[in-house]
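Asks:
Chains as they are written, first to last, in the numbering used here: chain P, 4 to 138; chain Y, 4 to 138; chain G, 4 to 138; chain X, 4 to 138.
1) What in chain P is Cβ-close to residue 27 (chain G), meaning under 9 Å?
2) Just to make sure I have the definition right: I need the residues of chain G whose C-beta is within less than 9 Å of the C-beta of residue 67 (chain X). Which are they?
3) Is residue 65 (chain Y) helix, strand or coil when you go by DSSP?
4) Can you look up residue 85 (chain G) in the DSSP assignment and give me helix, strand or coil?
5) If you draw a straight line from the alpha carbon of residue 124 (chain P) to that of residue 88 (chain G), how long is it in whole angstroms?
6) On the three-pair Cβ rule with 8 Å, is the region 32-47 of chain X touching the region 37-45 of chain G?
7) Return the residue from the list Y:55, Y:4 and Y:26 that minimises the CA-CA distance to residue 127 (chain Y).
8) Does residue 3 (chain X) come within less than 9 Å of chain Y when only Cβ atoms are used?
9) Name the chain P residues whose beta carbon is nearer than 9 Å to that of residue 19 (chain G)?
10) Quick one: Cα of residue 45 (chain X) to Cα of residue 93 (chain G), how far?
11) Suppose only complete runs of 3+ residues qualify. What are the beta strand (DSSP E) ranges in the region 29-81 of chain Y, listed by chain order?
12) What is the DSSP secondary structure of residue 129 (chain Y), reduced to helix, strand or coil?
13) Rounded to whole angstroms, what is the Cα-Cα separation between residue 102 (chain G) and residue 77 (chain G)?
14) Using a Cβ-Cβ cut-off of less than 8 Å, give me the residues of the region 87-120 of chain G that come near chain Y, in sequence order.
15) Residues of chain G with a CB under 7 Å from the CB of residue 55 (chain Y): which are they?
16) Quick one: list the residues of chain G neighbouring residue 45 (chain Y), beta-carbon separation under 7 Å, in chain order.
17) Please state the DSSP three-state secondary structure of residue 136 (chain G).
18) Whole angstroms are fine: how far does the CA of residue 112 (chain X) sit from the CA of residue 120 (chain P)?
19) Taking the alpha-carbon of residue 104 (chain P) as reference, which of P:130, P:68, P:64 and P:85 has the nearest alpha-carbon?
20) Does DSSP put residue 17 (chain P) in a helix, a strand or coil?
21) Determine the chain A residues that contact residue 49 (chain G) at a beta-carbon separation under 9 Å, and present them in chain order.
22) Please name the residue, chosen from P:12, P:80, P:65 and P:110, that lies closest to residue 71 (chain P) on a Cα-to-Cα basis.
23) Note down, in chain order, every chain Y residue with its Cβ under 8 Å from the Cβ of residue 126 (chain G).
24) Below 7 Å on C-beta distance, what does residue 129 (chain Y) contact in chain G?
25) Would you decide whether residue 49 (chain G) is buried or exposed? Buried here means 16 or more other CB atoms lie within 10 Å of its CB.
26) How should residue 83 (chain Y) be labelled, buried or exposed, when 16 other C-beta atoms within 10 angstroms of its C-beta is the threshold for buried?
27) Ignore the nearest five residues each way along the sequence and tell me which others in residue 57 (chain P)'s own chain have a CB closer than 6 Å to its CB.
28) Does residue 38 (chain Y) come within less than 9 Å of chain P when only Cβ atoms are used?
29) Kindly indicate the opening and closing residues of the beta strand (DSSP E) around residue 90 (chain X).
30) So, is the C-beta of residue 81 (chain G) closer than 9 Å to a C-beta in chain X?
31) In or out: residue 106 (chain X) buried (at least 16 other Cβ within 10 Å) or exposed?
32) Would you report the Cα separation of residue 31 (chain G) and residue 16 (chain Y), rounded to the nearest angstrom?
33) Could you work out which residue in Y:138, Y:79, Y:81 and Y:129 is closest to residue 52 (chain Y) when comparing CA atoms only?
34) At a Cβ threshold of 9 Å, is residue 7 (chain G) touching chain X?
35) Which residues share a DSSP beta bridge with residue 115 (chain X)?
36) How should residue 131 (chain P) be labelled, buried or exposed, when 16 other C-beta atoms within 10 angstroms of its C-beta is the threshold for buried?
Shown next, in the form of structure tokens:
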């Protein structure tokens, strides 16, 4: 399974009046880990556009287990769990110091041809080749 | 069923390089509709704190059906679907002009006692009374 | 002088751990008022692109006088103060109830030709005509 | 002069439909560099609150010289330029690869006593001692 990990130090602006990271900000953390993995694969935003495809997120699910407090550093792991017909990533957010799981998440992306907005039901050969070269 | 609706005009800063609203920004739209409903119930953020409880989001699920383009106005409806043991809201985002469904979502919140961080498994009487008065 | 006004209810996610709107979020409020004025003029983002020009913000200044608290509604006024060589807007944020000034701000935009990135030192005739028709 | 530097890789969600980082997102980058410097001084958000003071931003000025494109990495330097009566930081954003200056900025913060909202016109002894120990 392909995976990538980033370390994030949530900043003051990420926190809400209840002194925890506001739940909507986690989408940014997921994206940072997903982008690190797509960079590793060599098929991130610029390559997607070059291949004539957009990959909109069509589904996002987050399960918040423990809150994030000011000063905490977190590790976000993104794992590619599907790539042949759609892109699906699983995520784990952990406290960097203890390794404790803070949040589980999943996102799903579908390929859309930019020229006409047509939904594609298979990944392009380029992506298949790049993923398989790393597996 | 209790529901509230807000109309939102996504702004330039909500859009991403693919010319659609970035998926993570929808959490703000959901919150605006949820806050409108909680205001109607009379149990929004200030009343939660006054009752000694925080209500963190523990689960958020979004299903993106159609993208939002610049210039579109959207209606976001939040419906209270559970309130006795936890707060659960269902959401529908619709294009204001056509009524077409753009996104479906759900959030779940649990009550946490602010004084000691203890998880509560029942809503406070104040919330039950306020919801029932409106039903 | 051309001006437009929007009313904004800052939401929970706009507030920081000190219980006031985080200073960086004001850029969104300014943009909403500026977009309302540009819509009135008929030269907002889609018309800018259609005219072959981008109008990046090259300068932004904010003077925060009083904080915004949860529950407050604010009125944001954008006034066009220059348009012949560059776009400059002045802003006032006021408490809706009392009219008290909360923040003063100014933004400056320059025209850049999208095709080659060349800086333009004069507004296009289309913009001049549209502004003068309203004055 | 006390300074700190952070390296930031702007993410997909930071970019706007014109393919550059949206101007309002820079406030987050400034805050990350400022927080790094305040951590070094030992007087960041938790210590501010412990000292009974809030330090709201009362002025922010940004001069955008060159845009940030997808894939660029930037270095943000925050320098403490005043600390006896108020906190003032100067910022430089540079392209990491070329060292070219992208943006100049300045923020000003005043001390406000949390207990009664009173404006303080001098920094607390704790902050003076900590800054001078590093100079």
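Positions of the beta carbon are idealized from the N, C-alpha and C atoms, including for glycine.
This one's a predicted model, so the numbers in the text were calculated from it and none came from an experiment.
Replies: In terms of the structure at hand:
1) What residue 27 (chain G) touches in chain P: 16.
2) By Cβ distance, chain G contributes 59, 60, 61, 62 and 63.
3) Residue 65 (chain Y) falls in the strand class under three-state DSSP.
4) The three-state secondary structure of residue 85 (chain G), taken from DSSP, is strand.
5) Annotation: residue 124 (chain P) to residue 88 (chain G) spans about 49 Å, alpha carbon to alpha carbon.
6) Taking one beta carbon from each stretch, the region 32-47 of chain X and the region 37-45 of chain G have fewer than 3 pairs nearer than 8 Å; the two do not touch.
7) Nearest in C-alpha terms to residue 127 (chain Y), of all of Y:55, Y:4 and Y:26, is Y:55.
8) The structure shown does not extend to residue 3 (chain X), since chain X is modelled only from 4 through 138, so no value can be given for it.
9) Those are 15, 16, 18, 19 and 20, listed as they occur along chain P.
10) Those two C-alpha atoms are separated by around 38 Å.
11) If only uninterrupted beta strand (DSSP E) runs of at least 3 residues are considered, those enclosed by the region 29-81 of chain Y are 60-67.
12) Annotated three-state conformation of residue 129 (chain Y) is helix, per DSSP.
13) Rounded to whole angstroms, residue 102 (chain G) to residue 77 (chain G) spans 9 Å at the Cα level.
14) Contacts with chain Y (Cβ-Cβ distance below 8 Å) from the region 87-120 of chain G involve no residue at all.
15) None at all; the shortest Cβ gap to chain G is about 17 Å.
16) Simply none; closest approach about 13 Å.
17) DSSP, read as helix, strand or coil, puts residue 136 (chain G) in helix.
18) So the alpha carbons of these two residues sit roughly 48 Å apart.
19) Checked all of P:130, P:68, P:64 and P:85; the closest Cα to residue 104 (chain P) is P:68.
20) Correct three-state label for residue 17 (chain P): helix.
21) Absent from the structure is chain A; the protein chains it does hold are P, Y, G and X.
22) Per the Cα distances, P:12.
23) Neighbours of residue 126 (chain G) across chain Y, judged by C-beta separation under 8 Å, do not exist; the nearest C-beta is about 19 Å away.
24) The premise fails here: residue 129 (chain Y) is roughly 19 Å from chain G at the closest Cβ pair, so nothing lies under 7 Å.
25) Exposed, by the Cβ-count rule.
26) Using a 10 angstroms sphere on the CB of residue 83 (chain Y), the tally of other CB atoms reaches 16 or more, which defines it as buried.
27) If we look at residue 57 (chain P) and ignore the five residues flanking it on each side, its Cβ neighbours are 115 and 117.
28) By this cut-off, residue 38 (chain Y) is not an interface position.
29) Looking at the DSSP string, the run of the beta strand (DSSP E) that includes residue 90 (chain X) is 90-98.
30) Not one beta carbon of chain X lies nearer than 9 Å to the beta carbon of residue 81 (chain G).
31) It is buried - the Cβ of residue 106 (chain X) has at least 16 other Cβ atoms within 10 Å.
32) If you draw a straight line from the Cα of residue 31 (chain G) to the Cα of residue 16 (chain Y), it is about 7 Å long.
33) The residue with the shortest Cα to Cα distance from residue 52 (chain Y) is Y:129.
34) Chain X contact via Cβ: absent.
35) X:57 and X:122.
36) Answer is exposed; the Cβ neighbour count stays below 16.
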